[in-house]
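For the record, the sequence lines run as chains A and B.
Read in order, the letters of the first sequence are residues 3 to 293 in the working numbering.
Read in order, the letters of the second sequence are residues 2 to 174 in the working numbering.
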Amino acid sequence: MFRSTSGTRRVTLVLLALLLSALLVLPTQSQRLLQHIGVPLAPIVTLPIEALASLDRSLREVWEGYVALHGVHEENLRLRREVELLHQQNSRLREAASASQRLTALLEFKGRAASQTIVAQVVGREATNWYRAVMVNKGDGDGVRVEMGVITPAGVVGRVVKTTRSASMVLLITDPNNAITGLVQRTRDEGIVEGTVQGLARMKYLPLLSTVRAGDRVVTSGLTGGFPRGLPIGVITSIEKMEGDLFQSAEIVPDADLGRLEEVLIITAPRGEAESETGLLPAQSPQQRNP
Amino acid sequence: MKQVIYLTLVFGLVPIQTTVLAHASVGGIRPDLCLVAAILVGFFAGELDGLLLGLALGFVQDLSSAGELWLNLMTKGSVGFLAGVAGRYAANATTIAALAAILGLSLLSGTVFLLTVGPRGLGDASFAVRAVLLPQAMWDAVLGAGMYWLLAKRFRREQEILEGSTGLGSLMR
């Protein structure tokens, strides 16, 4: 409101305008330069993010523990009914599990492929609304590299797309810019799993003659660098077959709850050169692949 | 003092944007605090301040985003600059005019993102416009207009006090 434009300001403005044009014209070169500038700055940004994330978590715990207790009685009754039901299911599953263990031991004639992983905590979400990504508190100082796969025990989360010394950005599998190779467990058909703008995932390039159907499970095929074979990706909910198309595609709901990520595992060595500091992630057993 | 405020904005807004602001999201869409800050600084402090703060905010935001490292830097810088130009020609704009300007600048910035993300087909593009571009622009405009109203009121009062004291001073002399 109260300003003037002096000669120096005008020159600075012109120089900055030129800089912006250079960024637009040479995005790749400027990306490298900006990466160098970002190295010392990143910890200054990450520290307040971690502090705020920790404060946010503590406040949420207080809220969930003490304040948000409405409807606990109703929930308690519902849970009691669920427990009774689960008791019945449990006894049936024990029988099935013991049979499964015996068969697994029989079929495991070869040493299991295992993955080396490190645990990371989700400290922030993507800073814009245009990408589906999370920030984790492990960076290239901890051995994290771009293109590494990220998972939870429930399934695939995404892959690392950007790293700084102490943090990394993980692009979720529901982001349209993400693509990993997947395998339909039942039919053994391979395809590319991509995110959709609606926040789901879609498996593309499935053969037209494939008998894939809703309810089929999709796992990683192991062909892309970041993931070993057999990690759960999600469940197919619908098939799309357009007339005249050479392939069909399938909509997938991811197994991992991507909206409530807190801790994740970053796969640093998919083929398992050494034992992990946090434990091994075994490849899926043949029964799991062929239910 | 100005430098301290700018530094606080640069290193304080992005942590808020990536953590606690998720609670303020509507349909998964949050306002872009950095964009709003760059526009307001442009409005009140001029093109150069808007551009510089926009560049700094954009760069820090890029470090916390999965997108290209130049994308926020460029859009926030340009938007801060344009807000400065707009502020020059409408120095005492009403809150409604500020709301319209912020809406327009947010739509412009969002369009650059939309083109860079590159939706596959018309259906995806139309969904991105309905689900991200428009809601975010509205969020930004409402938040920015509210902040503009508060800041404009404060600046006007300061100006009145300044003019009042100068008037009194000349009478005394």
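Glycine included, C-beta positions come from ideal geometry on N, C-alpha and C.
Checklist entry - Cα-Cα, which of A:213, A:229 and A:65 is closest to residue 119 of chain A? => result Minimum Cα distance to residue 119 of chain A is reached at A:229.
Checklist entry - Should residue 73 of chain B be labelled buried (16 or more other beta-carbon atoms within 10 Å of its own) or exposed? => result The residue in question, residue 73 of chain B, is buried, as its Cβ has 16 or more Cβ neighbours within 10 Å.
Checklist entry - Which chain B residues are close to residue 58 of chain A, counting only those with a beta carbon under 7 angstroms from its beta carbon? => result Per Cβ cutoff of 7 angstroms: 20 and 21.
Next on the checklist: Within a Cβ cutoff of 8 angstroms, which residues of the same chain sit near residue 156 of chain B, ignoring the five residues on either side of it in sequence?
Outcome noted: Here the set comprises 45.
Item to check | Residue range of the beta strand (DSSP E) that includes residue 56 of chain B | outcome: In the DSSP annotation of this structure, residue 56 of chain B is not part of any beta strand (DSSP E); the continuous alpha helix (DSSP H) holding it starts and ends at 48-64.
Item to check | Simplified DSSP assignment, three categories, for residue 1 of chain B | outcome: Because residue 1 of chain B is not part of the residues shown, which for chain B are 2 to 174, the question remains open.
Next on the checklist: Our contact map puts residue 252 of chain A next to residue 208 of chain A with C-beta atoms below 8 angstroms; I'd like the distance itself, whole angstroms only.
Outcome noted: Indeed, because the Cβ distance is near 6 angstroms, the residues count as touching under 8 angstroms.
Checklist entry - Can you list, in chain order, the residues of its chain whose CB lies under 7 angstroms from that of residue 150 of chain B, leaving out five sequence neighbours each side? => result Answer for residue 150 of chain B: 96, listed in chain order.
Next on the checklist: Is residue 177 of chain A close to chain B? Criterion is C-beta to C-beta, closer than 9 angstroms.
Outcome noted: Yes, its Cβ sits closer than 9 angstroms to a Cβ of chain B.
Checklist entry - Do the stretch 31-49 of chain A and the stretch 57-75 of chain B meet, that is, are 3 or more Cβ pairs less than 8 angstroms apart? => result When Cβ pairs closer than 8 angstroms are counted between the two stretches, the stretch 31-49 of chain A is seen to touch the stretch 57-75 of chain B, the count reaching three or more.
Item to check | Delimiting residues of the alpha helix (DSSP H) encompassing residue 2 of chain A | outcome: Since the first residue shown for chain A is 3 and the last is 293, residue 2 of chain A is missing from the structure and cannot be characterised.
Next on the checklist: Counting only beta-carbon separations shorter than 9 angstroms, does residue 31 of chain B have a partner in chain A?
Outcome noted: The beta carbon of residue 31 of chain B sits closer than 9 angstroms to some beta carbon of chain A.
Item to check | DSSP-derived helix/strand/coil call for residue 168 of chain A | outcome: Here residue 168 of chain A sits in coil by DSSP.
Checklist entry - Looking at the structure shown, is residue 75 of chain B part of a helix, part of a strand, or coil, going by DSSP? => result Here residue 75 of chain B carries a helix assignment [DSSP, helix/strand/coil].
Checklist entry - Looking only at C-alpha atoms, which of B:8, B:33, B:9 and B:11 sits nearest to residue 18 of chain B? => result Residue B:33 is the option with its Cα nearest to residue 18 of chain B.
Checklist entry - Count the other CB atoms within 10 Å of the CB of residue 153 of chain A; is the residue buried (16 or more) or exposed (fewer)? => result Counting Cβ neighbours within 10 Å, residue 153 of chain A comes out buried, since at least 16 surround it.
Next on the checklist: Any beta carbon from chain B within less than 9 angstroms of residue 256 of chain A's own beta carbon?
Outcome noted: No, residue 256 of chain A lies away from the interface with chain B (no Cβ there is under 9 angstroms from its Cβ).
Item to check | Cβ contact (3+ pairs, closer than 8 angstroms) linking the stretch 185-192 of chain A and the stretch 129-137 of chain A | outcome: Flag = no, the stretch 185-192 of chain A and the stretch 129-137 of chain A do not touch.
Checklist entry - Whose C-beta lies closer than 7 angstroms to the C-beta of residue 214 of chain A among residues of the same chain, with five residues either side of it excluded? => result Cβ neighbours of residue 214 of chain A beyond the five flanking positions: 186, 189, 191, 208, 238, 241 and 252.
Checklist entry - Considering only residues of the same chain and omitting the five flanking positions on each side of residue 246 of chain A, which have a CB-CB separation below 8 angstroms? => result Closer than 8 angstroms at the Cβ level, and outside the excluded window around residue 246 of chain A, lies no residue.
Next on the checklist: Applying the 10 Å Cβ sphere with the 16-neighbour rule, what's the burial state of residue 92 of chain A?
Outcome noted: It counts as exposed.
Next on the checklist: Please report the distance separating the alpha-carbon of residue 18 of chain A from that of residue 264 of chain A.
Outcome noted: Cα-Cα distance, rounded: 40 angstroms.
Item to check | Interface flag, residue 17 of chain B vs chain A, CB-CB below 9 angstroms | outcome: With 9 angstroms as the cut-off, residue 17 of chain B counts as an interface residue toward chain A.
Checklist entry - Quick one: what's got a C-beta closer than 7 angstroms to residue 219 of chain A's C-beta in the same chain, skipping five residues either side? => result Contacts found: 187, 234 and 237.
Checklist entry - Taking just the CA atoms, how far does residue 123 of chain A sit from residue 262 of chain A? => result Straight across, the Cα-Cα distance linking residue 262 of chain A with residue 123 of chain A is about 12 angstroms.
Item to check | residue 199 of chain A in three-state terms, based on DSSP | outcome: Residue state, collapsed to three classes: coil.
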